[in-house]
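Residue numbers (our numbering): 1143 to 1641. Okay, so here's the structure we're looking at.
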């Protein structure tokens, strides 16, 4: 079975870098010792950056074992992610390049998938292919560092951090037996939908999953895991584990020769500290175009690709400027307010009434939890609730945190396209990590909504009551529009209510 490492390993690689940087900036020799546990990548495909300048890091996920110097021609690359850190930008940007992207790797040869570059010439060949893809006449794309990450390090680093709470969009199951399995030997996995704690191997199985979805959805899943991990772990948690994380980083990653020097380490660590503390992570969606069912490639058009590269390099956050919330308790304070509920919903295109279906879904979990169950009166027009069965859809369960257990439920809606699902979550845990630090707080019809943007797209819309917390979670590719997300959150109502 092909061992596939996925892009969420980048999460840990970046976090580990931040942990080591913050904790041992004045002990650079220690950092260099960690890095030197694996051989350096020697290549002409990188450009040295001046101190304080923006840097672009190419992160490759492979199953190569660096310590044993396994032959690169027998290794596989399943992940290509670019990370851009710019101290003057509004966000640290990420862009995944689909592994199945159609490129020309050999002059005069047949088209290849871009991940074949690694088998041809390892990290240097991958960097060369990426630069050729993203460069335009007069504007060569520059890569400042390369980090090659092994999947085992990902599992160990997630455990070292204390695991990650992740919002799981749907049921992930495969045991390689019919009817759910069979065919290619995909990785075994069993993770039900809903907000939950994922540790090492289970987290790896989630981000590795490649059965019954697309290359685009897989990339979005990996980057979503990255955002949630970064949100949960600040510098204190990273510092507490810096020695263990540093050893994992050195053993299971390989980096360019510049990062094996004191000066190269110092330049990058200062940038990680400065940018990592103040900037959110923003995913720049690669404008891939899926082919026909029998076409093994995804493609990209030059125009949309240039736009994506420009957004990646500039790091300008695309989300709207938040309205300033009124001081709590001040009389006469002005609040940003949407239309009345019915008028607001009626003005949003692409929605359908789902009161009856939502009521039925809510009733299933309502008998199993001890807090009010809310559901949206509307869902997207192409959406359908996932049918009941197997204690999977809809799901009532418990979330465990630090010895406590909280009731929770999840309603799952298929958005239509393959692999795209969004959900409605409710839990008696009023302050889960997911609802920390909203991008904006907006009052809609008297309801105080917590808005969480990823660039210009709403990823989550939350709502907190005196007894519970609720949120509407967008699809991994964020296909539900912002107004649709707000409308679903604005129409959340309790089962049995007819208002």
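C-beta: ideal position from N, C-alpha, C; glycine also. These numbers come from a predicted model, not from an experiment.
Contact between the region 1170-1189 and the region 1281-1290 is present: 3 or more CB-CB pairs across the two stretches fall below 8 Å. Shown here, residue 1411 sits in a helix according to DSSP, grouped into three states.
The C-beta separation of residue 1572 from residue 1610 comes to about 6 Å, placing the pair in contact by the 8 Å criterion. Sequence-distant Cβ neighbours of residue 1393 in its own chain, meaning closer than 6 Å and more than five residues away, are 1179.
Residue range 1582-1586 is occupied by the beta strand (DSSP E) that includes residue 1582. Here residue 1262 carries a helix assignment [DSSP, helix/strand/coil]. Taken through DSSP and simplified to helix, strand or coil, residue 1348 comes out as helix.
Membership of residue 1309 in the beta strand (DSSP E) is indicated by the continuous run 1306-1310.
Residue 1491 holds the alpha-carbon nearest to the alpha-carbon of residue 1623 among 1424, 1317, 1491. Residue range 1497-1508 is occupied by the alpha helix (DSSP H) that includes residue 1501.
For residue 1498, the closest alpha carbon among the candidates 1402, 1538, 1371, 1638 is that of 1638. The beta carbons of residue 1247 and residue 1262 sit about 6 Å from each other, so the pair counts as a contact at 8 Å. In the DSSP annotation of this structure, the continuous segment of the beta strand (DSSP E) that includes residue 1615 starts and ends at 1611-1615. The alpha-carbon of residue 1566 is positioned some 43 Å away from that of residue 1194. Assigned with DSSP and collapsed to three states, residue 1537 falls in strand. Annotated three-state conformation of residue 1402 is helix, per DSSP. Leaving aside the five residues that flank residue 1259 on each side, the residues in its chain whose CB is nearer than 6 Å to its CB run, in chain order, 1247, 1267, 1268, 1271. Residue state for residue 1248 is assigned as coil, using DSSP reduced to three classes. In this structure residue 1617 is not in contact with residue 1357, their Cβ atoms being roughly 15 Å apart against a cut-off of 8 Å. Of the candidates 1307, 1443, 1408, the residue whose Cα lies closest to the Cα of residue 1576 is 1307.
According to the DSSP assignment, residue 1549 belongs to the beta strand (DSSP E) that extends over 1546-1556. Your pair residue 1519 and residue 1607 does not check out as a contact, with CB atoms roughly 17 Å apart and the cut at 8 Å.
Cβ atoms of residue 1431 and residue 1441 come within 8 Å of each other, at about 5 Å. A distance of 7 Å or more separates the beta carbons of residue 1227 and residue 1221. For residue 1238, the closest C-alpha among the options 1364, 1338, 1535, 1265 is that of 1364. Sequence-distant partners of residue 1453 (beyond 5 residues in either direction) whose C-beta falls short of 6 Å from its own C-beta, in its chain, are 1426. Contact between residue 1506 and residue 1528 does not hold, since their C-beta atoms are separated by about 11 Å, which reaches or exceeds 8 Å.
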